[in-house]
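Accompanying notes for the structure given below.
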Amino acid sequence: MSTMQGSMMATHSEEYYLEEGDVIVRVENTLYRFHSYHLQRATTYFDKLLQLEGDVDRSPIVLDGVRTSDFEGLLWFFYESGYTWQGLIKGTKNIDKTWKSVLLLAEKFSMVEIAKVACYALHRNGAPLGDARKIELCMRYGLPDAWMDPHLKRVLTREESLSAQECGQLGFAVTALLAKSRELYHHAQMDGRTSCPSPAASCSQCTDTEAVVCLQGLVHVCDADVKHHWSCPERASALPLRTEFVKDIYENLSKLRGQLERVSAKSPPSVRGPEQGDTWFIVENTVFRLHSFHLIKASPVFATMFTLAGNTDDRDQGHSPDDPIRLRGDTAKCMDSMLWFFYDSPYEWSEHVAPEMANKWEFILQFAKKYDMADVCKVAVTALNHHGVLSPVRKISLADVHGMGDAWAKKAYDFVCQRDDSLTVDEMNELGTLLTVKIVKAREQRLRSRLAKGGKVSWA
1 MSTMQGSMMA THSEEYYLEE GDVIVRVENT LYRFHSYHLQ RATTYFDKLL
51 QLEGDVDRSP IVLDGVRTSD FEGLLWFFYE SGYTWQGLIK GTKNIDKTWK
101 SVLLLAEKFS MVEIAKVACY ALHRNGAPLG DARKIELCMR YGLPDAWMDP
151 HLKRVLTREE SLSAQECGQL GFAVTALLAK SRELYHHAQM DGRTSCPSPA
201 ASCSQCTDTE AVVCLQGLVH VCDADVKHHW SCPERASALP LRTEFVKDIY
251 ENLSKLRGQL ERVSAKSPPS VRGPEQGDTW FIVENTVFRL HSFHLIKASP
301 VFATMFTLAG NTDDRDQGHS PDDPIRLRGD TAKCMDSMLW FFYDSPYEWS
351 EHVAPEMANK WEFILQFAKK YDMADVCKVA VTALNHHGVL SPVRKISLAD
401 VHGMGDAWAK KAYDFVCQRD DSLTVDEMNE LGTLLTVKIV KAREQRLRSR
451 LAKGGKVSWA
């Protein structure tokens with residue numbers, strides 16, 4: 001990594017040269033300006049460099065051996081990924097490419113939490129990483145065993161031996177364990193074989209009819225030429241892996257996890273605190289400090305507020321903890337949850353269901369709805385659904401209010417229309433007039449259809 005290179009030929013990134021940023025990084029011939037707290041939040045790798053340079057174009061932090069496309073993927077994670085959870089980080093091949101860039105640089109710069117999120121994203125999208133790579137990532141970043149289970153079993157039972165590339169990915173300790181396990185598995189396969197009950201009478205590849213020998217029900221070999229061989233047509237299917245066998249492998253792998261962990265296994269703590277941000281707010285009796293960039297990006301309400309304040313003499317309000325901007329009608333829990341969304345949520349996403357997160361996402365939804373943060377609302381609604389706390393009726397209502405699309409709530413809609421119980425008063429209040437009328441009409445049409453077909457209708 002270089003730190004003293006001229007930047008005369010470098011150009012500003014169109015997307016990621018932010019005037020609000022406080023660090024400038026050069027990658028190839030492009031200058032990026034962004035908030036240094038992202039690097040401080042993600043890794044200790046840049047700590048010394050941030051103290052020396054990177055505050056002006058002529059003295060940027062220069063990253064050698066990094067491509068602009070990959071670095072822009074990392075910046076996308078910092079600034080955009082938190083707003084993509086409404087698709088549960090599932091997307092197109094282009095998104096897969098971006099997540100691969102994120103993972104590449106996360107590993108290069110020891111950004112452990114980011115690497116974990118990238119792994120989850122690529123896994124959910126079914127990105128082709130390869131069996132050995134999935135096993136390596138699972139062990140390196142402490143991902144659940146279930147995450148690599150099908151890949152481990154495939155490596156153990158496939159015919160192809162481990163390649164040099166796979167050995168390089170896994171390291172000798174894991175390779176030795178898997179190689180030994182493969183041998184044990186294949187020995188078990190051999191022990192379970194018998195000679196083919198109906199071997200071929202002759203070799204189909206020889207001019208003269210030659211006898212064929214069946215070896216352990218695996219392969220037919222010509223007596224005259226061993227190059228003439230083919231799989232036994234009576235070959236039995238592969239034996240399933242015994243539960244005890246797999247359990248032993250996982251126990252041995254768990255002992256090796258530490259050998260694949262990064263030196264900087266622990267990420268820095270959240271940057272939310274008294275030393276970060278350019279704006280102060282007071283909510284109830286609590287003072288919060290944050291970067292106004294987040295509010296301006298997420299909310300047209302705050303964007304307008306800061307624009308108008310910048311044109312008046314009142315803009316000094318919010319520039320110090322002694323004169324914070326007061327938000328009335330909000331709660332400190334709501335504000336604290338929003339700061340978690342802005343600063344921490346991209347690092348903490350997981351495909352695992354965690355109902356205990358529901359309250360935090362409810363606070364985020366409440367705050368986002370009040371200040372017209374449409375994208376944040378969609379993220380919060382998706383998160384609540386992901387954590388399993390939305391009733392079918394509320395899911396239908398939220399889908400309609402926040403534009404989630406009919407397909408997103410279709411199962412919930414079908415369930416409510418087809419269930420035996422009618423809508424309650426509370427449910428109608430949740431749905432509102434238009435949705436209530438729509439569902440009542442659909443239920444009545446279904447009942448009339450059943451009656452027309454001679455079906456029975458119970459009157460509860």
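Quick note: the sequence shown uses UniProt numbering, first residue 1, plus one each step. For each residue, glycine too, the CB sits at the ideal point set by N, CA and C.
Report task. Tell me whether the beta-carbon of Pro300 lies closer than 7 angstroms to the beta-carbon of Asp372. Result -> yes
Query raised in the report: Can you check whether the CB of Thr279 is closer than 7 angstroms to the CB of Gly329?
Result: It is not a contact, given that the beta carbons lie outside the stated cut-off.
Query raised in the report: What is the C-beta distance between Met357 and His387, in whole angstroms, given that I count them as a contact (C-beta under 8 angstroms)?
Result: With 8 angstroms as the limit, Met357 and His387 qualify as a contact, their Cβ atoms being about 5 angstroms apart.
Query - When Ser110, Ile135, Ala118 and Val112 are compared against Thr98, the one with the closest alpha-carbon - result: Ala118
Requested in this report: Rounded to whole angstroms, what's the CA-CA distance from Leu253 to Gly142? Just pull it up for me.
Outcome: In a straight line, the C-alpha of Leu253 is about 11 angstroms away from that of Gly142.
Query raised in the report: By how many angstroms is the C-alpha of Leu256 removed from the C-alpha of Leu156?
Result: Separation of Leu156 and Leu256 (C-alpha to C-alpha, rounded to the nearest whole angstrom) is 17 angstroms.
Query raised in the report: Thinking C-alpha only, which one of Phe415, Trp349 and Arg446 is nearest Ser81?
Result: Trp349
Query raised in the report: Does any C-beta atom of chain B lie closer than 7 angstroms to the C-beta of Met428?
Result: In summary, chain B is missing from the structure at hand, where a single protein chain is found.
Query raised in the report: How many Å lie between Val246 and Tyr185 at the Cα?
Result: In a straight line, the C-alpha of Val246 is about 10 angstroms away from that of Tyr185.
Query raised in the report: What are the boundary residues of the beta strand (DSSP E) that includes Trp349?
Result: Taken as a continuous stretch (DSSP letters only), Trp349 belongs to no beta strand (DSSP E), as it is neither H nor E.
**Report entry** Reference Asp248, options Phe288, Asp22, Ser181 and Cys206, closest by Cα
**Finding:** Ser181
Query raised in the report: Under three-state DSSP, which class holds Phe46?
Result: coil
Query - Ala115 and Ala121 closer than 7 angstroms at C-beta - result: no
Query raised in the report: Using the beta-carbon count (16 or more within 10 Å), is His352 buried or exposed?
Result: exposed
Query raised in the report: Taking contact to mean at least 3 C-beta pairs separated by less than 8 angstroms, is the segment 132-149 in contact with the segment 162-181?
Result: yes
Query raised in the report: How long is the line joining the alpha carbons of Ser36 and Thr68, rounded to whole angstroms?
Result: Spanning the two alpha carbons is a distance of roughly 18 angstroms.
**Report entry** For Glu183, three-class secondary structure by DSSP
**Finding:** In the structure shown, the three-state DSSP call for Glu183 is helix.
Query raised in the report: If you run the structure through DSSP and keep just helix, strand and coil, what is Leu31?
Result: In this structure, Leu31 counts as strand in the three-state DSSP scheme.
**Report entry** Rounded separation between Ile61 and Pro392 - CA only
**Finding:** 51 angstroms
Report task. Mind reading off the beta-carbon distance from Tyr45 to Ser110? Whole number of angstroms is fine, and I expect it under 8 angstroms. Result -> 5 angstroms
Query - Rounded straight-line distance, which links the Cα of Ser13 to that of Glu430 - result: Their Cα atoms are separated by approximately 46 angstroms.
Report task. Identify whether Ser391 lies in helix, strand or coil by the three-state DSSP scheme. Result -> coil
Query raised in the report: Among residues of its own chain, excluding the 5 on either side of His294, which ones have a beta-carbon nearer than 6 angstroms to its beta-carbon?
Result: Result list for His294: Phe342, in chain order.
Requested in this report: Assign Ser161 to one of two classes, buried (16 or more other C-beta atoms within 10 Å of its C-beta) or exposed (fewer than that).
Outcome: exposed
Query - C-alpha gap between Cys222 and Met148, whole angstroms - result: 41 angstroms
Query - 7 angstroms Cβ cutoff met for Val381 and Ala298 - result: no
Report task. Give the DSSP-derived three-state secondary structure of Arg154 in the structure shown. Result -> In the three-state reduction of the DSSP assignment, Arg154 falls in the helix class.
Query raised in the report: Going by the CB atoms, is the gap between Ala332 and Trp361 shorter than 7 angstroms?
Result: no
**Report entry** Where the beta strand (DSSP E) containing Val287 begins and where it ends
**Finding:** In the DSSP annotation of this structure, the continuous segment of the beta strand (DSSP E) that includes Val287 starts and ends at Thr286 to Leu290.
Query raised in the report: Per DSSP, which one or two residues make a beta bridge with His12?
Result: Leu31
**Report entry** Rounded separation between Val56 and Lys378 - CA only
**Finding:** 37 angstroms
Query raised in the report: By the 10 Å Cβ neighbour count, where 16 or more other Cβ atoms means buried, how is Arg448 classified, buried or exposed?
Result: Result: exposed.
Query - Euclidean distance between Cα positions of Lys108 and Asp47 - result: 15 angstroms
Requested in this report: Report yes if the C-beta distance between Asp400 and Leu435 is below 7 angstroms; otherwise report no.
Outcome: yes
Query raised in the report: With distances taken from CA atoms, which of Glu20, Tyr32, Val23 and Leu39 is nearest Tyr347?
Result: Leu39
Query - Helix, strand or coil at Ser281 [DSSP, three-state] - result: Residue identity differs from the one stated: residue 281 is Phe in this sequence, not Ser. Strand.
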